[in-house]
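Protein chains in written order, with my numbering: chain A, 1 to 335; chain B, 336 to 664.
First comes the structure, then the notes that go with it.
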Amino acid sequence: MSDVILEVRDLVKHFPIRKGVLFKKTVGQIKAVDGVSLDLHKGETLGIVGESGCGKSTLAKLLMNLEQPTAGSIRYQGRDVLKLSAAEQRKLRRNIQLVMQDPYTSLNPRMTVGDIIGEPFEIHTDAAPKGDRRRKVQELLDVVGLNPEHINRYPHQFSGGQRQRIGIARALALRPEIIVCDEPVSALDVSIQAQVMNLLDGLQRDFNLSYIFIAHDLSVVRHIADRVGVMYLGKMVELGTDDEIYDTPTHPYTQALLSAVPVPDPTARQHKTVIRLEGDVPSPANPPSGCRFRTRCWKAQEICATTPPLLQISAKSPHPSACHFAEIRDVVHAG
Amino acid sequence: MSSPEVATATSPTEPTAVPATPAAAEVAPRKEKNRGLWSDAWYELRRKPLFVISAILITIFVLMAAFPQLFSSVDPTVQDLHKSLEKPDFGAWFKFGEQGQFGYNVLGQDIYARVIYGARASIVVGVFAVLGNMLLGGFFGIVSGYLGGWTDTLLARFGDIFLGLPFVLGALVILSTFASVQSDPSAFRITSLVILTFIVLGWPSFARIMRASVLSTKQLDYVHAAQALGARPGRIVFRHVLPNAMAPMVVVGTITLGAYIGAEATLSFLGVGLRPPVVSWGIMIGESRNFMEPAPYIMAFPAAFLVVAVLSFVMLGDAVRDALDPKLR
């Protein structure tokens with residue numbers, strides 16, 4: 001559990017805002033991801049939570065090398081991914097795979113399930129000999145709990161949960177070490193979410209996988225993640241084990257987020273304080289100075305407008321938290 | 336996998352291992368074969384009456400175009416003024432070796448023979464013009480849609496030059512330049528000129544259709560998924576983008592095919608397109624204009640053939656498009 005296989009340092013992605021028809025002028029930057037650092041250990045699940053537009057999916061695309069970062073580094077097993085040649089990057093892709101959010105658009109409707117799951121073998125021809133591929137695809141179908149007989153069916157003949165299993169089988173085909181899950185269950189029914197999450201859980205044990213699990217559903221992340229990172233407006237604001245984040249959150253944003261989780265017990269609900277945030281998330285094109293959360297924070301003081309807080313361990317926060325006034329406050333259990 | 340069996344199999348429930356239906360077990364030997372999009376489409380097409388009918392009709396028309404002697408033993412250019420404007424002889428229908436089934440035109444030429452021999456020019460022009468447009472327009476559409484940026488801008492402006500020319504005016508200019516009205520070009524030369532004219536004036540609209548559908552297809556999740564797997568651009572274009580972006584162009588192509596057979600008739604009528612001694616349905620319809628009242632059959636028979644031919648190509652296009660889309664099965 002201790003060896004780091006993926007090391008992300010100060011990852012930045014700015015999307016230019018362009019104007020003009022023929023000669024485009026850059027008039028601004030959308031700061032989608034603005035200095036995110038994280039480590040992924042072998043066999044662990046790192047959950048990333050945050051509300052819509054905070055840069056979670058951009059982070060996933062950067063990790064998958066589908067977008068080129070503006071700055072920062074991604075090191076896989078000690079080697080800088082961004083400085084590799086095209087051929088080495090292709091090889092590397094075998095080890096980092098992606099499960100996408102929407103199972104209805106992530107599978108090519110004109111390919112059979114066998115072709116979809118077999119495609120990784122066609123791209124990386126050395127992964128399996130040609131005659132062996134069909135059997136391997138059927139094995140994969142079996143692994144993710146689908147009937148191997150259905151190899152000639154098309155994606156539209158499956159339900160959402162089954163399609164997500166096909167997506168997982170495709171990600172598993174090349175026996176990767178890391179799977180980036182970009183909201184893999186948010187498009188599914190709640191009952192099916194649990195099945196898919198249990199499947200991911202079981203696969204992690206069987207194949208010793210590491211997950212980066214991106215979601216906006218706090219309870220989903222708590223269920224599956226060993227460590228959790230909370231993102232706000234392109235920055236990581238708090239990072240810790242799931243117990244640290246859920247039981248002893250120190251960043252005001254995390255506290256506000258957790259206080260919004262519904263409590264099933266009606267008597268406990270009466271004692272619960274809900275922290276209501278004022279206003280909207282500021283535009284990532286023009287984020288606030290200093291701490292990005294200060295415009296909605298009840299603790300904000302002058303220092304927050306001038307000095308951006310670092311994601312660090314402080315006297316009152318035993319795990320990294322990017323707040324000048326970080327302090328433990330259990331919002332889930334007590335009022 | 337027959338269609339009713341597919342219908343029963345399309346209601347999967349979530350629980351992990353769905354047991355194979357009895358029907359699926361029956362056809363198990365078939366299912367063992369690894370099938371792809373095209374073999375599935377072919378399997379599907381053979382069961383479609385629409386496809387079968389249009390395929391039979393098109394085969395007949397193609398045979399007619401290739402071997403007109405099979406259908407008529409009469410020379411379509413022979414004139415016999417004694418027979419000028421003779422009415423159709425319905426008694427001669429379905430009897431091989433007879434003449435005058437469809438009557439005679441003002442020059443006393445056998446209309447049945449001319450309709451048969453006319454198929455070649457009309458079908459060759461229509462089919463090759465559409466194929467050329469699809470290849471050229473499709474290629475530039477994929478290039479500009481997939482690459483985007485400057486390539487896209489340049490190609491779009493370049494195509495606009497051709498789109499800016501009104502079709503008939505453009506065709507008149509091109510054809511009268513390369514084959515003036517007084518000249519007497521060979522049948523091959525004038526036919527290929529007409530086809531080239533249609534391609535030159537038509538490819539930008541095909542390119543636009545292709546570009547639009549490539550643009551919308553290339554940002555779909557499964558394209559990103561293929562990129563994430565490390566697929567090269569060739570694979571992404573041919574396996575993922577093209578099959579999912581082709582349908583609009585195929586449909587427009589089959590519709591345009593009919594329009595081109597009609598346009599060929601228009602140009603022949605204006606005197607710049609195909610011209611006698613080449614026989615085409617367009618020329619025949621053009622010739623009939625002065626005899627609409629005394630001899631409507633001079634127009635009716637070539638027009639009927641034209642309509643049936645165009646219709647069968649449109650139906651074929653529809654059937655192929657549906658078969659290539661598994662969702663519609």
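Ideal placement from N, C-alpha and C gives every residue a C-beta, glycine not left out.
These numbers were taken from a predicted model, which means no experiment stands behind them.
A Cβ-Cβ contact shorter than 8 Å links residue 626 of chain B with residue 420 of chain B.
Note on residue 553 of chain B: 16 or more other CB atoms within 10 angstroms of its CB, so buried under the neighbour-count rule. Between residue 120 of chain A and chain B, the shortest Cβ-Cβ separation is below 8 Å. Secondary structure note for residue 240 of chain A: its beta strand (DSSP E) is the uninterrupted segment 235-241. Residue 568 of chain B has a beta carbon lying at 8 Å or more from every beta carbon in chain A.
When B:655, B:452 and B:654 are compared, the shortest CA-CA separation from residue 618 of chain B is found for B:452.
As the crow flies, the alpha-carbon of residue 250 of chain A is around 35 Å from that of residue 17 of chain A.
Counting only residues of its own chain and dropping the five nearest sequence neighbours on each side, residue 56 of chain A has a CB closer than 7 Å to the CB of 48, 50, 214 and 231. Inclusion of residue 178 of chain A and residue 65 of chain A in the CB contact set at 8 Å is not warranted, their separation being larger than that value. Within the DSSP bridge table, the entry for residue 71 of chain A names A:12 as partners. For residue 578 of chain B, the C-beta contacts it makes with chain A under 7 Å involve 110, in order along the chain. Nearest neighbour of residue 400 of chain B by Cα position, chosen from B:646, B:660 and B:640, turns out to be B:640.
In the DSSP annotation of this structure, residue 319 of chain A is not part of any alpha helix (DSSP H); the continuous beta strand (DSSP E) holding it starts and ends at 317-321. For residue 509 of chain B, the secondary structure class from DSSP, reduced to helix, strand or coil, is helix. Distances from the alpha-carbon of residue 320 of chain A to those of A:229, A:71, A:101 and A:19 put A:229 closest. For the pair residue 479 of chain B and residue 576 of chain B, the Cα-to-Cα distance works out to about 13 Å.
Taking 9 Å as the Cβ-Cβ cut-off, the region 532-561 of chain B approaches chain A at 555, 556, 557, 558, 559, 560 and 561, given in chain order. Under the Cβ criterion of 8 Å, residue 26 of chain A is not counted among the residues facing chain B. Listed in chain order, the non-local C-beta contacts of residue 558 of chain B below 8 Å within the same chain comprise 552, 571, 575 and 576, local neighbours out to five positions each way being set aside. Taken in chain order, the complete beta strand (DSSP E) segments of 3 or more residues contained in the region 50-131 of chain A are 71-76 and 96-99. Taking the Cβ atoms as the reference, residue 450 of chain B lies roughly 15 Å from residue 631 of chain B, outside the contact range of under 8 Å. For residue 216 of chain A, the three-state secondary structure derived from DSSP is coil.
When secondary structure is reduced to three states using DSSP, residue 181 of chain A falls in the strand class. For residue 564 of chain B, at least one C-beta of chain A is nearer than 8 Å to its own C-beta. Secondary structure at residue 575 of chain B: helix, using DSSP grouped into helix, strand and coil. For the 8 Å CB-CB criterion, residue 98 of chain A and residue 180 of chain A form a contact.
In this structure, the straight-line span from the alpha carbon of residue 312 of chain A to that of residue 141 of chain A is close to 44 Å. Here DSSP, grouped into helix, strand and coil, assigns residue 251 of chain A to coil. With 16 or more neighbouring CB atoms inside 10 Å of its own CB, residue 74 of chain A falls in the buried class. Taking the beta carbon of residue 66 of chain A as reference, the chain B residues within 8 Å of it are 559, 562 and 563, listed in sequence order. The Cβ-Cβ distance between residue 534 of chain B and residue 471 of chain B falls below 8 Å. Unbroken alpha helix (DSSP H) runs of no fewer than 4 residues, entirely contained in the region 463-517 of chain B, are found at 484-499 and 502-513, following chain order.
Chain B has a Cβ within less than 8 Å of the Cβ of residue 105 of chain A. Per DSSP, the continuous alpha helix (DSSP H) segment holding residue 656 of chain B begins and ends at 632-658.
Shown here, residue 26 of chain A sits in a strand according to DSSP, grouped into three states. Distance from the Cα of residue 492 of chain B is smallest, within the candidate group B:543, B:504, B:462 and B:530, for B:543.
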